[in-house]
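Here's the structure, in structure tokens; my notes come after.
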Amino acid sequence: MIRPIVKDVFLLGKKATRATRADIPVADDLLDTLRANAEACVGMAANMIGVPKSIIVFRDDDDNCREMFNPTLIAGFEQFETEEGCLSLAGVRKTKRYRFITVTYETRDGKKKKESFFGFTAQIIQHELDHLNGIII
Ligand SMILES: [Zn+2]
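Quick note on the numbering used here: the sequence shown kicks off at 12 and runs consecutively.
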């Protein structure tokens with residue numbers, strides 16, 4: 012189900028809590044909402060649709076929509092300064108990101124994974140991880 016995008020800074024400032032299999036419908040809604048906003052959006056965190064659970068979705072370099080439950084950044088290399096926009100905010104803001112990252116996460120079935128990303132995909136994931144921590148660019 013496509014959900015409205017939360018723009019309330021107070022709600023967006025809440026830290027996400029651990030996601031479980033019971034939150035699979037939240038991931039499905041996030042994927043639907045990401046696809047519905049394809050022209051303006053490359054990634055979303057669950058609190059952007061009003062659910063403070065640790066789930067993110069994003070579009071990867073191959074244009075596939077991916078999801079992660081309980082993602083954690085475990086390594087980052089080559090920090091650089093950049094500008095980003097956000098569906099929950101107007102305009103763009105300056106921020107610092109790593110060019111290369113490694114994250115751990117779980118699949119919707121609870122399988123633990125470790126994966127590395129670089130470039131734009133790495134940047135999207137860092138933006139969404141910030142959302143989970145209640146940080147907006
Ligand atoms: Zn955002």
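Glycine residues also receive a C-beta, built at the ideal position from the N, C-alpha and C atoms.
### Query
Apart from the five residues just before and just after PHE88, which ones in its own chain have a Cβ nearer than 8 angstroms to its Cβ?
Correct list, in chain order: TYR109, ARG110, PHE111, ILE112.
### Spatial distance of GLY102 from ARG29 (CA atoms)
Going by the C-alpha atoms only, they are around 30 angstroms apart.
### Message
Please tell me whether ALA27 and ASN48 are closer than 8 angstroms, where the distance is taken between their beta carbons.
### Response
The answer is no: Cβ separation not under 8 angstroms.
### Message
If you reduce the DSSP assignment to three classes, tell me which class VAL62 lands in.
### Response
Of the three classes helix, strand and coil, the one that applies to VAL62 here is coil, per DSSP.
### Message
By alpha-carbon positions, which one of ILE135, LYS123, ILE60, SER99 ends up nearest to PRO36?
### Response
Among ILE135, LYS123, ILE60, SER99, the Cα nearest to that of PRO36 belongs to ILE60.
### Query
Secondary structure at VAL68, three-state DSSP: helix, strand or coil?
Residue state for VAL68 is assigned as strand, using DSSP reduced to three classes.
### Query
Nearest to GLN137 by alpha carbon, out of ASP34, LYS122, MET12, THR93?
Per the Cα distances, THR93.
### Message
Rounded to whole angstroms, what is the Cα-Cα separation between PHE21 and ILE147?
### Response
Roughly 11 angstroms separates the two Cα atoms.
#### Entry: For THR118, the three-state DSSP class (helix, strand or coil)
DSSP places THR118 in coil when its eight states are reduced to three.
### Query
Mind checking whether THR115 and THR83 have CB atoms under 8 angstroms apart?
Contact check for THR115 against THR83 passes: the beta carbons are separated by less than 8 angstroms.
### ligand 1 heavy atom lying under 7 angstroms from the CB of SER99
Yes, since a heavy atom of ligand 1 falls inside the 7 angstroms radius drawn around the Cβ of SER99.
### C-alpha gap between ASP72 and LEU23, whole angstroms
If I take the Cα positions, the gap works out to 27 angstroms.
#### Entry: 8 angstroms Cβ shell around VAL17 - same chain, five flanking residues per side excluded
Short of 8 angstroms from the beta carbon of VAL17, and not among the five residues preceding or following it, lie these beta carbons of its own chain, in chain order: LEU23, ASN58, MET59, ILE60, GLY61, SER99.
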